[in-house]
Amino acid sequence: LVNASWAGIFEDLMAGGLSDSGNEDQLLRTHWLTAYNSDRRSWDGTGSVKKLLSLRAFQGREQELLDAAFAYVKSLRAAAIHYRDIMAPQLPSAFSSIPDPAARRRAVDATRRLLRIRAMAAFLPLLVAVRLRYPTDADRYVAVTELCEKFGFRVYRLLGRYSNSGQSSMFSLAREINGGKRDQAGTLARLEDLIRWYSRPKDYAAALSMGAREDWYRWYGLKYLLYAWEEHLAGPKGARVSWDLLEARDKERTIEHVLPQTPAAAGEWVRMFTDDERRLLTHTLGNLVLTEDNSAYGNKPFAGKRGAVGAVGPDGLPIRCYANSKLTQEQLLAGLPDWTPERIHTREEQILAWARGRWAVPDAPVIEDVVDDEGLDEA
11 LVNASWAGIF EDLMAGGLSD SGNEDQLLRT HWLTAYNSDR RSWDGTGSVK KLLSLRAFQG
71 REQELLDAAF AYVKSLRAAA IHYRDIMAPQ LPSAFSSIPD PAARRRAVDA TRRLLRIRAM
131 AAFLPLLVAV RLRYPTDADR YVAVTELCEK FGFRVYRLLG RYSNSGQSSM FSLAREINGG
191 KRDQAGTLAR LEDLIRWYSR PKDYAAALSM GAREDWYRWY GLKYLLYAWE EHLAGPKGAR
251 VSWDLLEARD KERTIEHVLP QTPAAAGEWV RMFTDDERRL LTHTLGNLVL TEDNSAYGNK
311 PFAGKRGAVG AVGPDGLPIR CYANSKLTQE QLLAGLPDWT PERIHTREEQ ILAWARGRWA
371 VPDAPVIEDV VDDEGLDEA
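Taking our numbering, the leading residue of the sequence shown gets 11, the next gets one more, and so forth.
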């Protein structure tokens, strides 16, 4: 049983490209926090497992030791499957325990959105616990995953809290779910409480208000935010450019400044924008657009960047311009006659208003006596 389980675990990790030591350690830790002890201080690597299955502790009770060892192995084997699905949702076999294909697709999509935040350590025990307890129930998993995404965006990215913010509470919740001590309604309510505690509604609203951030370009969550905006604009048809492609390319290549960072000294941009306007508006959210490759745009005038649908160059290839882009947010720019300070402000207001709703949770009093206060200082 041990040999077969271990082989299956490594096969699962290899299938997901997760066979490095970092993922092996993370799987062991995730499983321990979920199934054995939610106190992160209790995890001492393989030393914790050796202590759990100590010959000395079970002296004279060999059958109990054997049962405990088998229980650990079986539980770890099941956790490994769910860990692989969560960390590698692109696999055709991901979430195969969910029988309905449409429901399985929702689980995959929700997981991919959460992975984009790149803050999985806090959420893995919770997600694995839900999958262990309800392996066929996509709706439960998706609801929890979506709240984890809201927590990750609001707490870790938008407000810049420490990466351990809320972890103890998340781990305790995972243990409760795995032990059958927390139902779905209680789980969702608890997560919403944590979101409101670590990203107070007034702080969340302030961080997504006009003028809250002068330089959005250097913000770590920019690409994630603009891709979510793209999915919103694209609607049911979905974004036509994959997140994996955009994430793999440097930000300098995939974030376009409509008003260029370095306009020509005697060009159109200098005539249309004052020095103060260029200084204040260049890196604002309203002036930043997601793109596949901005190398062809440079500091061209707006008309040159805008282009025309179907326009081709002397080589017969489509000219790279907003009008020919696969991205809806670039296509919308192509419908504008010009680019002015007023248009930058208007676009930023639109994105921020949408964002405040996209990662919102219902209003409710903040329950301060049921959460820990770790990581509340800004990173």
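Virtual Cβ for every residue (Gly too), placed ideally from N, Cα, C.
All of these numbers come straight from a predicted model, not from anything done at the bench.
Three-state secondary structure (DSSP) of ALA148: For this step, residue 148 is matched to residue 138 along the sequence shown. Reduced to three states, the DSSP call for ALA148 is helix.
Alpha-carbon to alpha-carbon, ASP254 and LYS336: For the purposes of this step, residue 336 is identified with residue 326 of the sequence shown, where counting begins at 1. For the purposes of this step, residue 254 is identified with residue 244 of the sequence shown, where counting begins at 1. Going by the C-alpha atoms only, they are around 15 Å apart.
Whole runs of the alpha helix (DSSP H) within the segment 167 to 221, excluding any shorter than 4 residues: If we require 4 residues or more, the alpha helix (DSSP H) runs fully inside the segment 167 to 221 come out as 177 to 188, 194 to 208, 211 to 217.
Among THR294, GLU266, ALA244, LEU236, the one whose alpha carbon lies nearest that of ASN395: This structure cannot speak to residue 395, because the chain is shown only from 11 to 389.
According to DSSP, residues forming a beta bridge with PRO328: Residue 328 sits at position 318 when you count from the first residue of the sequence shown. By DSSP's assignment, PRO328 forms a beta bridge with VAL322.
Contiguous alpha helix (DSSP H) assignments of at least 4 residues, all confined to the segment 271 to 311: Runs of alpha helix (DSSP H) with 4 or more residues, each lying fully within the segment 271 to 311, are found at 278 to 282, 285 to 291, listed in chain order.
The segment 199 to 218 touching the segment 157 to 168, judged by at least three CB pairs closer than 8 Å: Three or more pairs of CB atoms, one per stretch, sit closer than 8 Å, so the segment 199 to 218 contacts the segment 157 to 168.
Complete runs of the beta strand (DSSP E) confined to the segment 229 to 265 [at least 3 residues]: Listed in chain order, there is nothing to give.
Limits of the alpha helix (DSSP H) - the one that TRP53 falls within: Taking the sequence shown and counting its residues from 1, the one referred to as residue 53 is at position 43. That residue, TRP53, is in no alpha helix (DSSP H); it is neither H nor E in DSSP.
Residue of MET282, TYR307, HIS242, TRP279 minimising C-alpha distance to GLU264: Looking up residue 264 in the sequence shown gives position 254. According to the sequence provided, residue 264 is Thr. The question's Glu does not apply to it. For the residues MET282, TYR307, HIS242, TRP279, the minimum Cα distance to THR264 belongs to TYR307.
Separation of GLY26 from SER106, as counted between CA atoms: Counted from its first residue, the sequence shown places residue 106 at position 96. Counted from its first residue, the sequence shown places residue 26 at position 16. Those two C-alpha atoms are separated by around 14 Å.
Same chain only: Cβ atoms within 8 Å of ASP373, ignoring 5 sequence neighbours per side: Walking along the sequence shown from the start, residue 373 turns up at place 363. Take ASP373, set aside five residues on each side of it, and the residues of its chain with a beta-carbon closer than 8 Å to its own are PRO211, in chain order.
Runs of alpha helix (DSSP H) wholly within the segment 52 to 114 (minimum 4 residues, chain order): The qualifying runs are 56 to 62, 72 to 97.
Span of the alpha helix (DSSP H), counted from its first residue to its last, around GLU21: For this step, residue 21 is matched to residue 11 along the sequence shown. GLU21 -> alpha helix (DSSP H) spans 12 to 25.
Three-state secondary structure assigned by DSSP to ALA389: Stepping through the sequence shown from its first residue, residue 389 is reached at position 379. Residue confidence is low: ALA389 scores 33 on pLDDT, short of 50, so the model does not pin down where it sits. No coordinate-derived value is stated.
Distance between THR272 and GLU262 (C-alpha atoms, nearest Å): The residue you call residue 262 lines up with position 252 of the sequence shown. The residue you call residue 272 lines up with position 262 of the sequence shown. Using only the alpha carbons, I get a separation of about 13 Å.
Same chain only: Cβ atoms within 8 Å of ALA89, ignoring 5 sequence neighbours per side: Locating residue 89 in the sequence shown gives position 79, counting from the first residue. If we look at ALA89 and ignore the five residues flanking it on each side, its Cβ neighbours are LEU37, THR40, HIS41, THR44, ALA45, VAL138, LEU142.
Residues near ARG316 by beta carbon distance below 8 Å, same chain, minus five either side: Within the sequence shown, the letter at position 306 stands for residue 316. Excluding the 5 residues flanking it on each side, ARG316 has same chain C-beta neighbours closer than 8 Å at CYS331, TYR332, ALA333, LEU343, ALA344, LEU346, in chain order.
Environment of LEU76 [buried if 16+ CB atoms lie within 10 Å]: Locating residue 76 in the sequence shown gives position 66, where the first residue counts as 1. Exposed, since its Cβ has fewer than 16 Cβ neighbours within 10 Å.
Strand pairing of HIS355, partner residues [DSSP]: For this step, residue 355 is matched to residue 345 along the sequence shown. DSSP output for HIS355 lists no bridge partner at all.
Rounded Cβ spacing between GLU241 and GLY248 (contact assumed at less than 8 Å): As a first step, residue 241 is located in the sequence shown; it is residue number 231 there, counting from the start. As a first step, residue 248 is located in the sequence shown; it is residue number 238 there, counting from the start. That pair is a contact at about 7 Å.
TRP279 to PRO311 span [Cα, whole Å]: Translated into the one-based positions of the sequence shown, residue 279 becomes position 269. Translated into the one-based positions of the sequence shown, residue 311 becomes position 301. Just so you know, the alpha carbons of TRP279 and PRO311 end up roughly 7 Å apart.
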